[in-house]
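Going by numbering that gives the first Met the number 0, the first residue of the sequence shown is number 0, and it counts up by one from there.
To keep things clear, I will list the structure first and then write my remarks on it.
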Amino acid sequence: MTRTISKSAQNQIQLLLASNMTYEQVMERIPGLKKSTLGRYANKFFPNRMKAAPGRRATIGETTKSYIRRQVIKGEFKTAKAVHQYLNGLGYTIGYSGVLKLLKSMNFRAKIKAKKPLLSKQHKERRLAWAMAHKDWTTDDWRRMVFSDETKVNVFGSDGCKYYWSRPDDALQPHHLDFTVKGGQGSVMVWGCITHDGPGYACWIHDGTMKAVDYVNILETTLMDSLKYYGYNPEDIYFQQDKNPKHTSKLAKQWFVDNIYTVRCKTRTQNSFHGIDQRLLAVLT
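Okay, here's the thing in structure tokens:
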């Protein structure tokens, strides 16, 4: 004998099917409901409904494919699951793996999202203004640019999550642990610069903190030594730095004036200097 369900569940089935929901959507809303039971009540409530033909469903039409393609490109269908739900809603009997094959046939490939800084309207306006101010620069102008920044170099690997492989009964081994050092000695902070001809000298920032006087000392020594190494004249270069308070202090500004530097400041927005950080790390490690 077929098991019956409560009257309230039957009414819910009738309402959901009447709203053109698929079997999968109805079963998601009524926990424990089996597909065979749902089909029996669907026949009871809607005996004249159009039933899906048994066997493999006809090929998805080009019009539907074009719509899916547009929605994926626009970001309306963000996942294969969204496409799967859409096709099921149209009455297609297609599995999730079939949807993956469909998307691949359209030349779509799943990729990991790249992390980028979230830019506000003000950030975008500033970046556009900076780009417009430099749109007429020549290759020779850019060759005169010297980029600078500070970055942290870890002694014991990255800051990210670390994994290891072991068996359930294996004893704990040193390589199973992520070692830390008290007092911040697990990393060093360095200042560096990059020129057209290569990286400049790097300077270790003691205790990872820097004051205005320390920054000026770096400019007088490490920066000047870097320019001398490549044969650069301070009067001929454009020096790029972010708007860190130590970089824009009165002491630093006066030093740039005394040494006839042309300084260009860039507002640091999250990862705006990420590329420079990575190049410095590549040189230092």
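For each residue, glycine too, the CB sits at the ideal point set by N, CA and C.
Every value quoted in this text rests on a predicted model; they were computed, and no experiment measured them.
Determine, using beta carbons only, whether Thr36 and Asn87 come nearer to each other than 7 Å.
Residue numbering aside, residue 36 sits at position 37 when the sequence shown is read from its first letter. Residue numbering aside, residue 87 sits at position 88 when the sequence shown is read from its first letter. The answer is no: Cβ separation not under 7 Å.
How would you write the range of the beta strand (DSSP E) that Trp190 sits in, first residue to last?
Residue mapping note: residue 190 aligns to position 191 of the sequence shown, counting from 1. Ser186 to Thr194 is the span of the beta strand (DSSP E), which, as asked, contains Trp190.
Q. Where does the unbroken beta strand (DSSP E) through Ile204 begin, and where does it stop?
A. Within the sequence shown, numbered from 1, the residue matching residue 204 stands at position 205. First-last of the beta strand (DSSP E) with Ile204: Cys202 to Ile204.
Requested in this report: Check whether the Cβ of Leu102 sits closer than 6 Å to any heavy atom of the ligand NAP, and report yes or no.
Outcome: The model depicted lacks the ligand NAP and carries no ligand whatsoever.
Exercise. Nearest to Ile111 by CA position, among Asp213, Thr78, Gly197 and Ala130, is which residue?
Worked result: Position 112 of the sequence shown, counted from the start, is the residue given in the question as residue 111. The candidate whose alpha carbon is nearest that of Ile111 is Thr78.
- Item | Where Ser7 falls: helix, strand or coil (DSSP) | As a position in the sequence shown, residue 7 is number 8, starting the count at 1. Here Ser7 sits in helix by DSSP.
Cβ of Ile236 within 7 Å of Cβ of Arg142? Position 237 of the sequence shown, counted from the start, is the residue given in the question as residue 236. Position 143 of the sequence shown, counted from the start, is the residue given in the question as residue 142. Cβ distance not < 7 Å, so Ile236 and Arg142 don't count as in contact.
Discussion item. So, at 6 Å on beta carbons, what are the nonlocal neighbours of Asn47 in its own chain, with the 5 sequence-adjacent residues on each side left out?
Written reply: Numbered from its first residue, the sequence shown carries residue 47 at position 48. Nothing meets the Cβ criterion.
### Message
Using the three-state DSSP reduction, which class does Gly199 fall into: helix, strand or coil?
### Response
Along the sequence shown, one-based indexing puts residue 199 at 200. Gly199 falls in the coil class under three-state DSSP.
- Message: Using C-beta distances below 6 Å, list every residue in its chain close to Ser147, excluding the 5 sequence neighbours before and after it, in chain order.
- Response: The residue given as residue 147 occupies position 148 in the sequence shown. Once the five neighbours on either side are set aside, the close Cβ partners of Ser147 are Cys192 and Gln240.
Margin query: According to DSSP, is Arg263 part of a helix, a strand, or is it coil?
Written below: Sequence index remark: in the sequence shown, residue 263 carries index 264 (1-based). Strand.
Practice problem: Return the chain-ordered list of same chain residues with a C-beta closer than 7 Å to the C-beta of Phe107, the five sequence neighbours on each side being excluded. | Solution: Here residue 107 refers to the residue found at position 108 of the sequence shown. Around Phe107: Val71.
Subject >> Where Tyr163 falls, given that 16 or more other Cβ within 10 Å makes a residue buried >> reply: For the purposes of this step, residue 163 is taken as the residue at position 164 of the sequence shown. Per the 10 Å Cβ criterion, exposed.
**Study point:** Rounded Cβ spacing between Tyr91 and Ile67 (contact assumed at less than 8 Å)
**Key:** For the purposes of this step, residue 91 is taken as residue 92 along the sequence shown, with counting starting at 1. For the purposes of this step, residue 67 is taken as residue 68 along the sequence shown, with counting starting at 1. Not really, about 11 Å apart at Cβ, beyond 8 Å.
ask   = Assuming Glu219 and Met188 make a contact with CB atoms under 8 Å, what is their CB distance in whole Å?
value = As a position in the sequence shown, residue 219 is number 220, starting the count at 1. As a position in the sequence shown, residue 188 is number 189, starting the count at 1. 19 Å between Cβ atoms; not a contact.
- Could you name the residues of the same chain whose beta carbon sits closer than 6 Å to that of Gly97, not counting the 5 residues immediately before and after it, in chain order? Along the sequence shown, read from residue 1 onward, the residue named residue 97 stands at position 98. If we look at Gly97 and ignore the five residues flanking it on each side, it has no Cβ neighbours.
Starting from Glu27 and walking both ways along the alpha helix (DSSP H), at which residues does that stretch end? Counting from 1 along the sequence shown, the entry for residue 27 is found at position 28. Where Glu27 is concerned, the enclosing alpha helix (DSSP H) stretches over Tyr22 to Arg28.
Classify Phe238 as helix, strand or coil using the three-state DSSP reduction.
The count along the sequence shown starts at 1 and reaches residue 238 at position 239. The answer is strand: DSSP assigns Phe238 an E or B state.
(Q) For Ser104, tell me which candidate among Lys64, Thr137, Phe76 and Lys161 has the shortest Cα-Cα distance. (A) Taking the sequence shown and counting its residues from 1, the one referred to as residue 104 is at position 105. Nearest option by C-alpha distance: Lys64.
| task | Using 10 angstroms around the beta-carbon of Thr221, count the other beta-carbons present and answer buried if the total reaches 16, otherwise exposed. | result | In the sequence shown, the residue the question calls residue 221 occupies position 222. It counts as buried.
Looking at Asn216: is its Cβ nearer than 7 Å to the Cβ of Pro233?
One-based indexing of the sequence shown puts residue 216 at position 217. One-based indexing of the sequence shown puts residue 233 at position 234. No, they are not a contact pair.
| said: What does the alpha-carbon distance come out to for the pair Tyr85 and Asp168? | reply: Taking the first residue of the sequence shown as position 1, residue 85 is located at position 86. Taking the first residue of the sequence shown as position 1, residue 168 is located at position 169. Tyr85 and Asp168: Cα-Cα distance of roughly 47 Å.
| message | Let me check understanding here. Comparing Cα to Cα, which of Arg263, Phe44, Ala128 and Val256 lies closest to Lys242? | response | Here residue 242 corresponds to residue number 243 of the sequence shown, with the count starting at 1. Minimum Cα distance to Lys242 is reached at Arg263.
Please confirm whether Lys161 and Ala211 have their CB atoms less than 7 Å apart. Here residue 161 refers to the residue found at position 162 when the sequence shown is read from its first residue. Here residue 211 refers to the residue found at position 212 when the sequence shown is read from its first residue. No.
*asked:* Closer than 8 Å is the cut-off here; do at least three beta carbon pairs connect the segment 1-10 with the segment 25-41?
replied: yes
> What are the complete alpha helix (DSSP H) segments, minimum 4 residues, inside the segment 125-177?
Replying inline: 138-142
Taking C-alpha atoms, which residue in Phe44, Val25, Ile93 and Leu102 lies nearest to Arg69? Looking up residue 69 in the sequence shown gives position 70. Answer by Cα proximity: Leu102.
- Task: Flag this pair as yes or no: are the beta carbons of Asp224 and Tyr260 separated by less than 7 Å?
- Result: Within the sequence shown, residue 224 is the residue found at index 225, counting from 1. Within the sequence shown, residue 260 is the residue found at index 261, counting from 1. No, Cβ-Cβ distance for Asp224 and Tyr260 is not below 7 Å.
Next on the checklist: Taking the alpha helix (DSSP H) that His246 belongs to, which residues open and close that run?
Outcome noted: One-based indexing of the sequence shown puts residue 246 at position 247. It is not in any alpha helix (DSSP H) - His246 carries neither H nor E in the DSSP assignment.
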